[in-house]
Structure formats: structure tokens, C-alpha cells
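Residue numbers (my numbering): 129 to 499.
Below, the structure is given as C-alpha cells:
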């Protein structure tokens, strides 16, 4: 028996995810399972080069840095849609992200999100001919709940718990027994520091209420097992460090700069070493011996808002990855509009590399934000 997809290129889709929108690349051996949980979720952050760890000023903080939710009040719900890998022109490859936050006075901020990735329809045929035996739809989703509070006046702490379900195939390949379906859990912890006063030595410059610094350690959890527990793959544990700077803040004009560094914390070994991938609690430390700082992905972005209250936004960003570890390089662009409690954002990716599957990727987000 063998498998073929409705469209031939989808046949290797799961492996292909090692190229796109994550730090998991062919040069790194396709290091983790369920890389879809690393996809930048919202149009705003995507337009700013996929940054947000040091800014974390809206409901998407649950993804970039849940510690940022500790400084937010009111309620917000948003929905993001994108046609995934648009170069393949397949309408059944799409990504959805639903986001929610709500502030509880004297308690903190609760949040939730649902991530859904549709991988399209698969067809199983006989090796003797094109006769169809079975067909199914493959998909993956993650449901996250979070809580954030201020542990200090200037320091916010956020934690998430996530349920992950990956349904790739209802049967194994060839002689394998079981199903290509897995369910697991993971957790995140994030901190955001927003000093009210921070005077730089010897300069007298006060960065209070201007600079914010965030760190987020995400996707901590057990390995993912589909059929063979001995071949279980680790989750894409990821460390992010980010900065946000308010360059300009006035009644009608606001300009913000962001800078993020992210690094996968996964440690796999060569076949000849005959060792299984390290568990997440060990890989946090051992991953640095493989590639070191060269596996750090750098992203930066800028956002300009005009209006009182904020009305129209223009965004731009840049992502850089070392040529030996993925070689992703692309510009991002975006814009947004707000009216009363409603908002709309979109973003666009423009890769430097020719024939990039991410070319012309568009995201659209709708949101409602109320007090």
C-alpha cells in the first residue's frame, strides 16, 4: 500500500513544515514535532517582523509573552486567518487563530487561545492501481489557557497550559500498526519588565515608561508519540528574549520599535551516536552545544500609529536566520485600523530568497477590544 495526496506536493507537508515559519529547518534535521505551534499567530506581530516578546501589549501576548498580560486591562477577542503556503494554491491549507483575554480586578488577567492548522485531504490507494481505498482530512490544533499577574509593580508574570492534538493519519504507513494521531500537553512561562524609572549610568537618560524587556520560555512538555514510543519527537521548546522601545509618544503620533531573539532548545543526536533526543528539562541546557548562538533567530519591527485615539497603523519588520541554520530572510509589512472598540489588521511577507514558499503570505485579523 502507499499514500498519495490530493495534490502531490502535500505528500511531504509535515516534513516541509521544517522550512516555514519556525526555527525548524532541513539543516537542523527537522528537529521537533507539531511545529505549527510556533507559527506567528496575528497580523500585528507578523507585520512587525514576528516580534512581540518585549511589547506584549495585546491579547496575542499569550503567544509571545504571557507576562505582558499582567499590565493589560479590559477584554479583547480576535480572530486571524491565513491561507497557508499560498504558493501551492491550495484552498484547503489554512491557519486559524482565536484569541481572548479578560482582566479581573484584584486577581489578574485570564486568557485563552485556539490554534488550528488544516493540512488538507489525503487519499489512500492500492499499490496495484489508482483505485481509492480511503480518504481523510489531516489537521492539528492547540488549545491554550493562561493566567498573568504582577509579582512586582514593574514586573509581570504569566503562565500557560496547552493541549495539543495532531491528527495526521488514521493508519500507519506500510506495515506499521497504530495511527498517526497524537495528543500531548505543554506549558509556557513569561516575564515582562516595564520600569517606571531606569536611568542609564553616566548619561542621565531615563528609560522609565519607554523601555520594556520580556522573556518567554514556551512549549515545555513531554515528547510526542504517534506510533512508536522509541521514535517520539520533542516539542519545539523555544526561548525568546525581546525589547520594546517607545520612540515617540504624543497625542496624535506614536512610534514603537521592537527587537526579538529566539532560539529552539532541542537537542538531537546523530544516528551513529545512538542516543534519543534529550527530554525538554535537559535540552534547555544541552541544546546550546549544538549550533550555539548561530541558531538564534533575530527579528525586528517598527509600528507607527496616527490619531487620537489611535486610528491608523503602519508596520514593517525584518527576520534573519543564519544561512547554515535555515537561511530565512524576509521583510514584513502590515497596517491596521481602529474604530471605537473594533479593529482590523493585515500583514504581508516578502522573502529575500527566490521561490520561497512563504512568498505572498497574507494574514488578516479582526478584533474587538472593550473595557
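Think of the CB as a built atom: it goes at the ideal place given N, C-alpha and C, for glycine as much as any other residue. If you're wondering where the values come from, they're calculated on a predicted model, not measured in any experiment.
### Message
Our contact map puts residue 169 next to residue 316 with C-beta atoms below 8 Å; I'd like the distance itself, whole angstroms only.
### Response
Their Cβ separation, rounded to whole angstroms, is 13 Å, which puts residue 169 and residue 316 out of contact at 8 Å.
### Task
At 3 residues or longer, and completely inside the segment 309 to 377: list those beta strand (DSSP E) runs for me, N to C.
339 to 348, 366 to 377
### Query
Nearest CA to the CA of residue 470: which residue from 346, 183, 495?
Considering only alpha carbons, the answer is 495.
### Message
What does the alpha-carbon distance come out to for the pair residue 480 and residue 172?
### Response
21 Å
### Contacting residues, own chain, Cβ-Cβ under 6 Å from residue 164 (five flanking each side not counted)
For residue 164, the CB contacts under 6 Å within the same chain, skipping 5 residues up- and downstream, are 245, 268 in chain order.
### Message
Determine whether the beta carbon atoms of residue 282 and residue 231 lie at a separation below 8 Å.
### Response
no
### Query
Just how far apart, CA to CA, sit residue 490 and residue 476?
5 Å
### Local conformation of residue 180 per DSSP, three classes
coil
### Task
For residue 204, decide whether its Cβ has a neighbour in chain D, counting only Cβ atoms nearer than 8 Å.
Absent here is chain D; the protein component of the structure consists of one chain.
### Query
Run through DSSP, which three-state label would residue 268 get?
Here residue 268 sits in strand by DSSP.
### Task
Determine the closest residue to residue 437 out of 414, 380, 238, 447, with distance taken between C-alpha atoms.
380
### Query
Does any heavy atom of the ligand SAH sit closer than 7 Å to the C-beta of residue 184?
In terms of ligand content, the structure shown is empty, and the ligand SAH therefore cannot be addressed.
### Task
Quick one: using the 10 Å Cβ neighbour count with 16 as the cut-off for buried, is residue 402 buried or exposed?
Classification for residue 402: exposed.
### Query
Alpha carbon to alpha carbon, how far is residue 554 from residue 183?
This structure cannot speak to residue 554, because the chain is shown only from 129 to 499.
### Stretch-stretch touch, CB-based, cutoff 8 Å, three pairs: the segment 287 to 294 with the segment 320 to 334
no
#### Entry: Inter-residue Cα distance where the pair is residue 447 and residue 385
14 Å
### Query
Relative to the C-alpha of residue 241, which residue among 262, 272, 324 is closest?
272
### Query
To the nearest angstrom, how far is it from the Cα of residue 345 to the Cα of residue 462?
The C-alpha of residue 462 is placed about 27 Å away from the C-alpha of residue 345.
### Neighbour-count burial assignment, residue 498, 16 or more Cβ in a 10 Å radius
exposed
### Message
Please report the distance separating the alpha-carbon of residue 266 from that of residue 223.
### Response
13 Å
### Query
Which first and last residues belong to the alpha helix (DSSP H) in which residue 414 is found?
408 to 414
### Query
Should residue 393 and residue 367 be called a contact, given that it needs their Cβ atoms to be closer than 8 Å?
yes
### Message
Quick check on this structure: which residue in 175, 181, 161 has the alpha carbon closest to the alpha carbon of residue 339?
### Response
181
### Task
Give the single residue among 226, 382, 395 whose Cα lies nearest to the Cα of residue 204.
226
### Query
On the three-state DSSP scale, how would you describe residue 430?
strand
### Query
From what residue to what residue does the alpha helix (DSSP H) around residue 172 run?
171 to 175
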